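With the sequence shown counted from 1, adding 1 to any position gets you the working numbering.
Below you'll find the structure, written out as structure tokens, and then a few comments.
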Amino acid sequence: MDVDEQQQPSSLHHRIAYQHLNDPNYVIDEHVVRAYPLQQAGPSTSFETRSKTDKNSDDGAETDSRFAMEYDIDFEDDSPYPEVRAAVANTDDPTMPTNTFRMWFLGLIFTVLIAGLNQFFSMRYPSVQITALVAQLVALPAGKLLEKVLPRAHITTFGYTWSLNPGPFNIKEHTLITVMANVVAGGAYATDIIAAQKIYYNQHWSAAYQLLLVISTQMVGFSLAGVCRRFLVWPSSMIWPATLVNTALFNTLHSTYGREEDGRTSRERFFTIAFIASAAWYFLPGYLFTALSNFTWVCWIAPDNLVVNALFGYQNGLGMGFVTFDWAMVAYNGSPLVTPFWAELNVFGALVVVYWIIAPILYYNNVFFAKYMPISHIGAFDNLGNDYNATRVITDGVFDPQLYKKYSPLYISMTFALSYGLSFGALTSTVVHTWLWYRHDIARQFRSSMKDETDVHSRLMLAYPEVPHWWYVALGLIAFALGIVTIEVWDTKLPVWAYLVSLMISIVYLVPVGMIQAITNQQVGLNVITELIVGYMLPGRPVAMMIFKTFGYITMTQALAFVSDLKLGHYMKVPPRLMYLSQVIASLVSCFVVVGVQAWMFENIPDLCHKHQSNKFTCPGVRVFGTASLIWGGIGPARTFNPGQIYYPLTFCFLIGAILPIPLYFLARRYPHSWFKYVNVPVIFTGTGNMPPATGINYSSWVMVGFIFQYWIRRRNFGWWSRYNYILSAALDSGVAVATILIFFCLQFPQRGALELHWWGNDISNRTADGQGTPHISLESGKTFGYTTWN
Numbered sequence: 002m003d004v005d006e007q008q009q010p011s012s013l014h015h016r017i018a019y020q021h022l023n024d025p026n027y028v029i030d031e032h033v034v035r036a037y038p039l040q041q042a043g044p045s046t047s048f049e050t051r052s053k054t055d056k057n058s059d060d061g062a063e064t065d066s067r068f069a070m071e072y073d074i075d076f077e078d079d080s081p082y083p084e085v086r087a088a089v090a091n092t093d094d095p096t097m098p099t100n101t102f103r104m105w106f107l108g109l110i111f112t113v114l115i116a117g118l119n120q121f122f123s124m125r126y127p128s129v130q131i132t133a134l135v136a137q138l139v140a141l142p143a144g145k146l147l148e149k150v151l152p153r154a155h156i157t158t159f160g161y162t163w164s165l166n167p168g169p170f171n172i173k174e175h176t177l178i179t180v181m182a183n184v185v186a187g188g189a190y191a192t193d194i195i196a197a198q199k200i201y202y203n204q205h206w207s208a209a210y211q212l213l214l215v216i217s218t219q220m221v222g223f224s225l226a227g228v229c230r231r232f233l234v235w236p237s238s239m240i241w242p243a244t245l246v247n248t249a250l251f252n253t254l255h256s257t258y259g260r261e262e263d264g265r266t267s268r269e270r271f272f273t274i275a276f277i278a279s280a281a282w283y284f285l286p287g288y289l290f291t292a293l294s295n296f297t298w299v300c301w302i303a304p305d306n307l308v309v310n311a312l313f314g315y316q317n318g319l320g321m322g323f324v325t326f327d328w329a330m331v332a333y334n335g336s337p338l339v340t341p342f343w344a345e346l347n348v349f350g351a352l353v354v355v356y357w358i359i360a361p362i363l364y365y366n367n368v369f370f371a372k373y374m375p376i377s378h379i380g381a382f383d384n385l386g387n388d389y390n391a392t393r394v395i396t397d398g399v400f401d402p403q404l405y406k407k408y409s410p411l412y413i414s415m416t417f418a419l420s421y422g423l424s425f426g427a428l429t430s431t432v433v434h435t436w437l438w439y440r441h442d443i444a445r446q447f448r449s450s451m452k453d454e455t456d457v458h459s460r461l462m463l464a465y466p467e468v469p470h471w472w473y474v475a476l477g478l479i480a481f482a483l484g485i486v487t488i489e490v491w492d493t494k495l496p497v498w499a500y501l502v503s504l505m506i507s508i509v510y511l512v513p514v515g516m517i518q519a520i521t522n523q524q525v526g527l528n529v530i531t532e533l534i535v536g537y538m539l540p541g542r543p544v545a546m547m548i549f550k551t552f553g554y555i556t557m558t559q560a561l562a563f564v565s566d567l568k569l570g571h572y573m574k575v576p577p578r579l580m581y582l583s584q585v586i587a588s589l590v591s592c593f594v595v596v597g598v599q600a601w602m603f604e605n606i607p608d609l610c611h612k613h614q615s616n617k618f619t620c621p622g623v624r625v626f627g628t629a630s631l632i633w634g635g636i637g638p639a640r641t642f643n644p645g646q647i648y649y650p651l652t653f654c655f656l657i658g659a660i661l662p663i664p665l666y667f668l669a670r671r672y673p674h675s676w677f678k679y680v681n682v683p684v685i686f687t688g689t690g691n692m693p694p695a696t697g698i699n700y701s702s703w704v705m706v707g708f709i710f711q712y713w714i715r716r717r718n719f720g721w722w723s724r725y726n727y728i729l730s731a732a733l734d735s736g737v738a739v740a741t742i743l744i745f746f747c748l749q750f751p752q753r754g755a756l757e758l759h760w761w762g763n764d765i766s767n768r769t770a771d772g773q774g775t776p777h778i779s780l781e782s783g784k785t786f787g788y789t790t791w792n
């Protein structure tokens, strides 16, 4: 045996180790990679055989990283992760036309329509959101239509020959259109600043300010996404589970199966049946029988029992139950068919311990005076038990201590208070957990390039020129400069040094939070920490607080959304430079659209954002954002979390979050075959971050469905799971999305809601103590609770 042959196994082990460096199912020793089976592995299937028959492994065996290392050798020409193999093709056609007229035409149409409509309806309650999944479904027939009607003649422009119709509408054109729609579907967070300034502070600043603010907040995040590609996109271990739903749907819609194979239903037929069933069923919990959504049958039996309603209520209670017949409720925190089951268990553990055990104990002991409020509520209260009226402590946009002393301290519900504690713990645990578990991968990726990646998808992407880093850096510098112009030319009261601090928060947390999200499908939010920091740094400046929060929080959130799209393009083998252009152009166009739509609404809709607006354009998101600016930028965290203040004990969660990952890490190293390696502390702290307004049912039903598909079916019938799991997720999500749009436009929006149905099945949930938000202790008129003196 020669030297090369002796070194080959070591090199192979080393490569496999790095492919599974972030995989909790894989045991990595200090010197050699060792994988152990959780069950008997089935027969292997060669790459050639699978490529000719079915690009997904359907042999019934779960050939993933839990099995013997030889399976990684078998899948050298495919992803080492079964989730990716089930949803992503391991082949590519670099000659496929992508930069086409059809792509830009449809992409820009969807950009304008989705950005404009979502901005319009975001200011109404109830609202509706057109998601990128809807665009993904509609884009295919639209593309096929253009394929049939556009002429095939070739046109020469500036020496470049192109065609309006280069052939069949293909999967890469479809991907780019969907990415452009996804870029704008979430809206522009900065528009809430503009609206809040008009409503709360009577600041009607120019269109130039509005455009610069929106463009700078959108573009900074995109530039950071490109810089972090080596950490969050190129490694195969950065799966980004949510993108697999889109890839599975792309491959289904463009596949050539179309008929039953070996007695199995084709993916297209399966998707069509599931989609129609999902859309049809949603009319029951979404319109005809809404009690099926809030299926709190215990509360219906005892509607006035305060304890029962607090524990089992789905609206202002803890949601102790597992039953709902509404997929929108189940998938409120994302599809359970996508998130790894071990991550779902981390979230469920936090729900049980924090919200189903600790919260009731604290509540019924009246900690934080919580019994005078519903146990779970998103709002803030005064000492009369009413909604906190922040305008009573603000004069000319500045906090007034004397008015505050005459009015009331601020109180929040028990679950809301605990959610702040969890957010504090998530921030410190994210940094510590990332250092302990991912430091080696980060160091390796810092020195690597795309050429160093051995994953099949990275190798296929070498056929396309990569986007130079300076493209992203230049875009970031331009956006940074626009941000400085925005805060300096107009009287935002945000100094440049504070602007730099807000960006540094996003930069520091981007890679750690991104790695956790790419692996677990759970994102650690920065909204709380940005509110705290700016509240201490710039007390009494609510407008500065809103801008600081947007740059500190949304920059990272936008960056991770762009990274997710970059990973989608990576999976679909879209040329990176075209991906860059499509994202930038869609984002820029959307900035002008959302600013224009919002300006038109303020000019043409009477009483816009007033609580009793006749067409229900009450701007709920803007009001929450504005109230937060008054509370955190006006009252400030010092009067809430400082030593001696009511919620000071929650700040110890910073310390708990920093310490807890350390023993669990060493236990996982000491006992590599134990369950310790599945414990992810940041996911525990942040997984229930939507509670409130979410309640326990949104998590318990989510985990229950995840157990069925991500654990039981995946292990009992891996072939079925590999073939249909992500298609089912896409069908359920898109069916609900389409049905929601139909219900809204056909049954809720017309005639100012006159078509809404009122009967027992739709009204019973609101007749209970849970639906009415009744606290455990109701105050007599004029009585107060809480502190008798405050300052």
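The beta-carbon is built from N, C-alpha and C at its ideal position, and this holds for glycine as well.
Note that the coordinates shown come from a computational prediction; the quantities given were computed from them, not determined experimentally.
Bridge partners - residue i, DSSP secondary structure assignment
{"i": "Y412", "result": "F382"}
{"i": "V399", "result": "T396"}
{"i": "T521", "result": "T521 is not bridged to any residue."}
{"i": "D388", "result": "F382"}
Residue i burial status per 10 Å Cβ neighbour count (16 or more: buried)
{"i": "D397", "result": "exposed"}
{"i": "I362", "result": "exposed"}
{"i": "G108", "result": "buried"}
{"i": "E174", "result": "buried"}
{"i": "T789", "result": "exposed"}
{"i": "D764", "result": "exposed"}
{"i": "G783", "result": "exposed"}
{"i": "H674", "result": "exposed"}
{"i": "C747", "result": "exposed"}
{"i": "N616", "result": "exposed"}
{"i": "K612", "result": "exposed"}
{"i": "Y510", "result": "buried"}
{"i": "D771", "result": "buried"}
{"i": "M505", "result": "exposed"}
{"i": "P44", "result": "The predicted model places P44 with a pLDDT of 33, which falls under 50 and marks its position as unreliable; any figure quoted below should be read in that light. Flag for P44 reads exposed."}
{"i": "I302", "result": "exposed"}
{"i": "F667", "result": "exposed"}
Reduced DSSP secondary structure (H/G/I, E/B, other) of residue i
{"i": "Q773", "result": "helix"}
{"i": "H1", "result": "Shown here, the chain extends from 2 to 792; a query on residue 1 therefore has no answer."}
{"i": "W794", "result": "Lying outside 2 to 792, the shown extent of the chain, residue 794 is not represented and no answer is given."}
{"i": "D764", "result": "helix"}
{"i": "D566", "result": "helix"}
{"i": "M239", "result": "coil"}
{"i": "V206", "result": "Rather than Val, the amino acid found at residue 206 in this sequence is Trp. The answer is coil: DSSP assigns W206 none of H, G, I, E or B."}
{"i": "H759", "result": "coil"}
{"i": "C793", "result": "Outside the modelled stretch of the chain, which goes from 2 to 792, sits residue 793, for which no answer is possible."}
{"i": "Y27", "result": "Summary for Y27: the model assigns pLDDT 49, below 50, so the residue's position carries little reliability, and this model does not support an answer."}
{"i": "Y782", "result": "The sequence shown places Ser at residue 782, not Tyr. Looking at S782 - three-state DSSP - the assignment turns out to be coil, as it is neither helix nor strand."}
{"i": "T790", "result": "coil"}
{"i": "T431", "result": "helix"}
{"i": "M705", "result": "helix"}
{"i": "G688", "result": "coil"}
{"i": "M220", "result": "helix"}
{"i": "F102", "result": "helix"}
{"i": "K145", "result": "helix"}
Whole-number beta carbon distance between residue j and residue i, since they are thought to touch under 8 Å
{"i": "F1", "j": "K145", "result": "The first residue shown for the chain is 2 and the last is 792, placing residue 1 beyond what the model contains."}
{"i": "V680", "j": "D79", "result": "About 29 Å separates the two Cβ atoms, so there is no contact after all."}
{"i": "I870", "j": "L225", "result": "As displayed, the chain neither begins before 2 nor continues past 792, which places residue 870 out of reach and without an answer."}
{"i": "P540", "j": "A639", "result": "7 Å"}
{"i": "N247", "j": "G688", "result": "Not quite, the Cβ-Cβ distance comes to about 23 Å (not below 8 Å), so this is no contact."}
{"i": "G787", "j": "P410", "result": "6 Å"}
{"i": "L461", "j": "K574", "result": "6 Å"}
{"i": "I240", "j": "A519", "result": "6 Å"}
Contact with chain C by residue i, beta-carbon distance below 8 Å
{"i": "A116", "result": "Absent from the structure is chain C; it holds one protein chain and no more."}
Problem set entry | Unbroken stretches of the alpha helix (DSSP H), 4 residues or longer, contained in the region 456 to 511 | 457 to 462 and 470 to 490
Problem set entry | Any alpha helix (DSSP H) of 4 or more consecutive residues that is wholly inside the region 619 to 677 | 621 to 629, 639 to 642, 654 to 660 and 662 to 671
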